[in-house]
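**Student:** The sequence shown begins at 914 in the working numbering and counts up one residue at a time. Even for Gly, the Cβ is constructed at its ideal location relative to N, Cα and C.
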Amino acid sequence: MSTNDYVFPSDIFLLKGKIFHDFLETTFSTELKELARLQGFSSAGSLLYSKRNILDFLLIESNDPNLNHLKQLAAFRGSNGAWMVKVGIQYDVDCLMSNLRRVEHQERKASSDGSILVSSTILSRFPWLESLITFCQSSMFVNDRNDLTFLSVFVENMANNLTKSPYHNRYARVIEEFAFVLYVFGGRQAYEFVRINLPGSLPSMSTLSKLFNENKEQLREGEFRFDSMKNHLESMNVKYAFASEDCTGVVQKVSYDRESNSFIGFTLPLHHSGFPQSSAFHIETFSDLEATFRNEKLSSLLNIHAIQPITRHGQDSSPFFLSAYGTDNKFDSYHLINRWLKIFDESLKRGVRIIGFSTDCDARYLRTMRIMTNFFASLPYFDFRERADVFKVNLPVEWNWFYLDSTQLFLVIPDPIHLATKIRNRMLSSTTTLLMGNQLVSTDVLQQILSSSSKLFHGLVSSDLNPRDHQNYASCFRMTRDEIFQAFEHIHNSNATAIYVKLLRCIIDAYIEKSTSLLDRIFHAWTSVFLSRLWLLWIETMGKRKLDKILVELTKNSNDDYLSTKRSVQQYFLTSQAVYSIELNAHSLIYLVLLVIEGKLPEEVLGIDRFHSQTCEAIFRSARALSSNSSSGMNFTTSQFLNLIEKLSLLQKIKHQHEQTTFPVLRFPVHHKNKYSYPSSAQSTALKLPTQAEIEQTVIHAFEKAASYLEQVGIMNDLKKNQLNGMINLNNRARTLFEDQGILDHFSQETSDDENDSTVHASETSQENDDFDPVPYHIDSDSSELTFQTVRVCDHVPPHLLSSYFKVHIGNNNKFIHKSTASWVLTEQNQKLSADRTRRVTEAK
């Protein structure tokens, strides 16, 4: 084959980066591709116009290992130490450079010969053609930082369609993907606006809908997409993941799903496995549907499961949607245990190791987490540690501060953001008096900061102290700014409040802040643990009578009615959910570090700031953002959510494919909050794993820091009297408290001041909603003429549509009523959710 016999694409000078390197590999060899890539030749132009030849590096004398590796790709080393280019490599380089010069010469000749002849009439009618031609000519030989691949395909596709009848328009695959992404991001109105003003550029809505139906993955309520998860993680070369579960309020409405021939909107019953019975409401008669409306509850909540892939350094991945189903929040810990075990087992069968689960701090979830990790809770006659697929770590005997067993099936992480808001809400509660040593934890201190200095200094706003807004995480962040701690120094008797806010800051720095280093995460996590343990021991040793006396002295209120409102010791302390969440998170963090140190898990699992149930919240937010494109409502029914997730799943698939550098490439915008974000502690290329000794020293330092804080309010002096101020005695006594069932019961009852998430969500669905029209104003084209004008009731139905209709007797006639119409007929009241998150939460009270 002659060096000029190679066929180069006409757009060879437009190929950039990986696309250009792939061309070198398929046309010549992998070695040539690597020679170009490793030397930074990212385009044909950079090769052709570089002052150095691609093989000039062989002349450089150096013992650098990277350079020697490069030389070994291209040459042999003789006995005299000289490098001799491999014959095949030399031939490929000669062919490449010869053909690049040939293509460049042809294009320059065509340009200089005036091969592109455009009449003055056309130019006067379309003056932009001259600019377009000039731009194309100048772009042929410039290594521009902008990839014009998609632009070229888009313009070419549109120009081709303009020369045809609209009925014969054709679209490249990447144009179809671009059209779908535009529709999802902008909504129907934005899409139609672009399409009709750029004729021939985008497919019609009917064509786009057909393309969507051909490429989407059908989602059914209650079905778990384990096989899709396997394929998704395999495409990313990922085999470890973190699972999360969460729920949100939905509009209570029953809808008919034609594809599954079942009704969606009722609460799905649960199997013993904890999995919902998918398609449980496959109903074939109108009377059965009536009975179902009478006897079954509508789902007020939507429960979803998500999988967060644990990717390699420098990679990022959106959470994978696993399943969704309606619920009324009536389930127990046994359902959760069995469900998590099945998710773990089904994932493991497909080569995916779930290393942990995360959800909010609800009492049932926390009980499940404690049982699954044997954290002072267990199930009789069943021990998860006996399974063959468990994790095991070596725990030093002297770590009496570490309560988690050395053998675990998987880890658990109560959602840190939910924990932070829980701690914040406890402080703001009107029915709780947090007593810390000789001072009260009081919002009056924060109110004084708010009213005495400018917002420009402290950043607080009045809504930060609103006790009815239970999900205001932004206020947690503002309360813990450095400026707030500076302000505490100038306020009398503010030490207890400052320590409490420091506890909140430790939670944020340990589990939420991305830039925190690994040892600092351990330090902040265990500072929060020791603050909690020391405070708990002080509460326990003082007893209620002494605590009441301290309260009287601090408040100057000896009213018996006032003291009677403090029904138990718990009124002076954190909730049990907060205490156990603090403990479980800190133990899980160190357990993960030990697994990595012992080589049982890769370093990527240390990105604990990504392991939380906020992955589910992100899916909820995305779905609400999509729903707002096409209607004034930002909330959804269960059926509408599944339809939105089908779009999101296809969007995620397209984005993932192009992020893996397919041809041509679509580029996706990056949210402004993520452009300059710090890397996770597990994504640092220079991550240094601590030793067990360094971990121990960090924990000891955390204890000393916590003790120094509580010294300011007299707690350490009181504990010293009972010989509980030392680290060993403290942790032994705290373990005894956790093991003592009487004490556990004493601290396990959640009080009315602490938010009840199920109540919050359920109360959101109490009002009528006009955003979702219950009457379907379209008919099946194959059905006969309607008797009623606004509903689908007819005399005859084609056989292929019979499954979507009920046969009913109306008057003296037999009729067929569509199942969607039947559900509308039986719906007595439509529900709604407020579009305002704050109002949704505060209305719960």
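What does the Cβ neighbour count give for residue 1517, buried or exposed, with the cut at 16 atoms within 10 Å?
**Tutor:** Here the question's residue 1517 lines up with position 604 in the sequence shown. By the neighbour-count rule (16 or more Cβ atoms within 10 Å), residue 1517 is buried.
**Student:** Taking the alpha-carbon positions, what's the residue 1275 to residue 1625 distance?
**Tutor:** Locating residue 1275 in the sequence shown gives position 362, counting from the first residue. Locating residue 1625 in the sequence shown gives position 712, counting from the first residue. Residue 1275 and residue 1625: Cα-Cα distance of roughly 33 Å.
**Student:** Taking the alpha-carbon of residue 1390 as reference, which of 1425, 1407, 1074 and 1379 has the nearest alpha-carbon?
**Tutor:** The residue given as residue 1390 occupies position 477 in the sequence shown. Nearest C-alpha to residue 1390: 1425.
**Student:** Taking the straight line between their C-alpha atoms, what separation do you get for residue 1142 and residue 1263?
**Tutor:** The residue given as residue 1142 occupies position 229 in the sequence shown. The residue given as residue 1263 occupies position 350 in the sequence shown. Going from the Cα of residue 1142 to the Cα of residue 1263 covers about 9 Å.
**Student:** Let's see if you can read the secondary structure: which residues bound the alpha helix (DSSP H) around residue 954?
**Tutor:** For this step, residue 954 is matched to residue 41 along the sequence shown. From DSSP, residue 954 is part of no alpha helix (DSSP H); its letter is neither H nor E.
**Student:** Whether or not the stretch 1338 to 1345 and the stretch 1395 to 1406 are in contact is what I'm after, with contact meaning three or more pairs of Cβ atoms, one per stretch, closer than 8 Å; do they touch?
**Tutor:** Judged by Cβ distances under 8 Å, the stretch 1395 to 1406 makes no contact with the stretch 1338 to 1345, as fewer than three pairs qualify.
**Student:** Which of the three DSSP states, helix, strand or coil, is assigned to residue 1570?
**Tutor:** The residue given as residue 1570 occupies position 657 in the sequence shown. DSSP places residue 1570 in helix when its eight states are reduced to three.
**Student:** Per DSSP, residue 1352 forms a beta bridge with which residues?
**Tutor:** Here residue 1352 refers to the residue found at position 439 of the sequence shown. Answer by DSSP bridge pairing, in chain order: 1349.
**Student:** For residue 1668, is the classification buried or exposed, using 16 other Cβ atoms within 10 angstroms of its Cβ as the cut-off for buried?
**Tutor:** Along the sequence shown, read from residue 1 onward, the residue named residue 1668 stands at position 755. The pLDDT assigned to residue 1668 is 40, lower than 50, so where the model puts this residue is not dependable, and the model offers no usable value.
**Student:** Compute the beta-carbon to beta-carbon distance between residue 1506 and residue 1608, rounded to the nearest angstrom, for a pair I have assumed lies under 8 Å.
**Tutor:** In the sequence shown, the residue the question calls residue 1506 occupies position 593. In the sequence shown, the residue the question calls residue 1608 occupies position 695. That pair is a contact at about 7 Å.
**Student:** Return helix, strand or coil for residue 1726, following the three-state DSSP convention.
**Tutor:** Within the sequence shown, the letter at position 813 stands for residue 1726. Reduced to three states, the DSSP call for residue 1726 is strand.
**Student:** Is the stretch 1281 to 1292 touching the stretch 1309 to 1329, taking contact as three or more C-beta pairs under 8 Å?
**Tutor:** These segments touch.
**Student:** To the nearest angstrom, report how far apart residue 1696 and residue 1089 are at their CA atoms.
**Tutor:** Locating residue 1696 in the sequence shown gives position 783, where the first residue counts as 1. Locating residue 1089 in the sequence shown gives position 176, where the first residue counts as 1. In this predicted model, residue 1696 has a pLDDT of only 42, less than 50, meaning its place in the structure is not dependable; the value taken from the coordinates is given anyway. Each residue's alpha carbon lies about 32 Å from the other.
**Student:** Any chance you could list the beta strand (DSSP E) runs of at least 3 consecutive residues sitting entirely within the stretch 1069 to 1098, in chain order?
**Tutor:** Taking only runs of at least 3 residues, no beta strand (DSSP E) segment lies wholly in the stretch 1069 to 1098.
**Student:** Report yes or no: do the stretch 1236 to 1249 and the stretch 1195 to 1204 share at least 3 C-beta pairs separated by less than 8 Å?
**Tutor:** Not touching, per the Cβ criterion.
**Student:** Give the secondary structure of residue 1058 by DSSP, where H, G and I count as helix, E and B as strand, and everything else as coil.
**Tutor:** As a working note, residue 1058 is residue 145 in the sequence shown. Below a pLDDT of 50, predicted positions are generally treated as unreliable, and residue 1058, at 46, falls in that range; the measurement from the model is reported next regardless. Three-state result, residue 1058: coil.
**Student:** Over what stretch of residues does the beta strand (DSSP E) that includes residue 1622 continue unbroken?
**Tutor:** Numbered from its first residue, the sequence shown carries residue 1622 at position 709. No beta strand (DSSP E) contains residue 1622, which is instead part of the alpha helix (DSSP H) from 1605 to 1624.
**Student:** Spatial neighbours of residue 1075 within its chain, please: C-beta separation below 6 Å, excluding the five flanking residues on both sides.
**Tutor:** Here the question's residue 1075 lines up with position 162 in the sequence shown. Correct list, in chain order: 1113.
**Student:** Leaving out the 5 sequence neighbours to the left and right, which residues in its chain are closer than 7 Å to residue 1568 when beta-carbon positions are compared?
**Tutor:** Taking the first residue of the sequence shown as position 1, residue 1568 is located at position 655. These residues qualify, in order along the chain: 1581.
**Student:** List the endpoints of the continuous beta strand (DSSP E) containing residue 1742.
**Tutor:** Locating residue 1742 in the sequence shown gives position 829, counting from the first residue. No beta strand (DSSP E) holds residue 1742; DSSP gives it neither H nor E.
**Student:** Per DSSP, residue 1325 forms a beta bridge with which residues?
**Tutor:** Counting from one through the sequence shown, the residue named residue 1325 turns up at place 412. The partner list for residue 1325 (beta bridge, DSSP) reads 1270.
**Student:** Would you say the stretch 1456 to 1463 touches the stretch 1425 to 1434, given that touching needs at least three Cβ pairs under 8 Å?
**Tutor:** No, because fewer than three Cβ pairs between the stretch 1456 to 1463 and the stretch 1425 to 1434 fall closer than 8 Å, the two stretches do not touch.
**Student:** Select from 1016, 1717, 1492 and 1631 the residue whose C-alpha is nearest the C-alpha of residue 1333.
**Tutor:** As a working note, residue 1333 is residue 420 in the sequence shown. Cα-wise, what sits closest to residue 1333 is 1492.
**Student:** Is DSSP giving residue 1193 helix, strand or coil here?
**Tutor:** The count along the sequence shown starts at 1 and reaches residue 1193 at position 280. Coil at residue 1193, not helix or strand.
**Student:** Could you tell me whether the stretch 1526 to 1538 touches the stretch 1440 to 1452, where touching means 3 or more Cβ pairs closer than 8 Å?
**Tutor:** They do not touch, by the three-pair rule.
**Student:** At the level of alpha carbons, what is the spacing between residue 1740 and residue 1163?
**Tutor:** Reading the sequence shown from its first residue, position 827 is the one you call residue 1740. Reading the sequence shown from its first residue, position 250 is the one you call residue 1163. Cα to Cα, the separation comes out at about 16 Å.
**Student:** Could you give the first and the last residue of the continuous beta strand (DSSP E) run that contains residue 1235?
**Tutor:** Taking the first residue of the sequence shown as position 1, residue 1235 is located at position 322. Where residue 1235 is concerned, the enclosing beta strand (DSSP E) stretches over 1233 to 1240.
**Student:** Are there 16 or more other CB atoms within 10 angstroms of the CB of residue 1530, so buried, or fewer, so exposed?
**Tutor:** Stepping through the sequence shown from its first residue, residue 1530 is reached at position 617. It is buried - the Cβ of residue 1530 has at least 16 other Cβ atoms within 10 Å.
**Student:** Suppose you measure from the CA of residue 1194 to the CA of residue 1177; what does that come to, to the nearest Å?
**Tutor:** Along the sequence shown, read from residue 1 onward, the residue named residue 1194 stands at position 281. Along the sequence shown, read from residue 1 onward, the residue named residue 1177 stands at position 264. Looking at the two C-alpha atoms, the distance is approximately 8 Å.
**Student:** Going by other Cβ atoms of all chains shown within 10 Å of its Cβ, with 16 needed for buried, is residue 1109 buried or exposed?
**Tutor:** For this step, residue 1109 is matched to residue 196 along the sequence shown. The residue in question, residue 1109, is exposed, as its Cβ has fewer than 16 Cβ neighbours within 10 Å.
**Student:** For the pair the stretch 948 to 965 and the stretch 990 to 997, tell me if three or more CB-CB distances fall below 8 Å.
**Tutor:** Short answer: they don't touch.
**Student:** Count the other CB atoms within 10 Å of the CB of residue 1144; is the residue buried (16 or more) or exposed (fewer)?
**Tutor:** In the sequence shown, the residue the question calls residue 1144 occupies position 231. By the 10 Å Cβ count, residue 1144 comes out exposed.
**Student:** Roughly how many angstroms lie between the CA atoms of residue 1719 and residue 1102, to the nearest whole one?
**Tutor:** Here the question's residue 1719 lines up with position 806 in the sequence shown. Here the question's residue 1102 lines up with position 189 in the sequence shown. The alpha-carbon atoms of residue 1719 and residue 1102 are separated by roughly 36 Å.
**Student:** Determine the burial state of residue 1272: buried for a count of at least 16 other Cβ atoms within 10 Å of its Cβ, exposed for fewer.
**Tutor:** Taking the sequence shown and counting its residues from 1, the one referred to as residue 1272 is at position 359. So residue 1272 counts as buried.
**Student:** Identify which residue in 1556, 1062, 967 and 1570 has its Cα closest to the Cα of residue 1126.
**Tutor:** If you number the sequence shown from 1, residue 1126 lands on position 213. Of the candidates 1556, 1062, 967 and 1570, the one whose C-alpha sits nearest the C-alpha of residue 1126 is 1556.
**Student:** Opposite residue 1222 in the DSSP bridges: which residues?
**Tutor:** For the purposes of this step, residue 1222 is taken as residue 309 along the sequence shown, with counting starting at 1. For residue 1222, which the question treats as bridged, DSSP gives the partners 1154.
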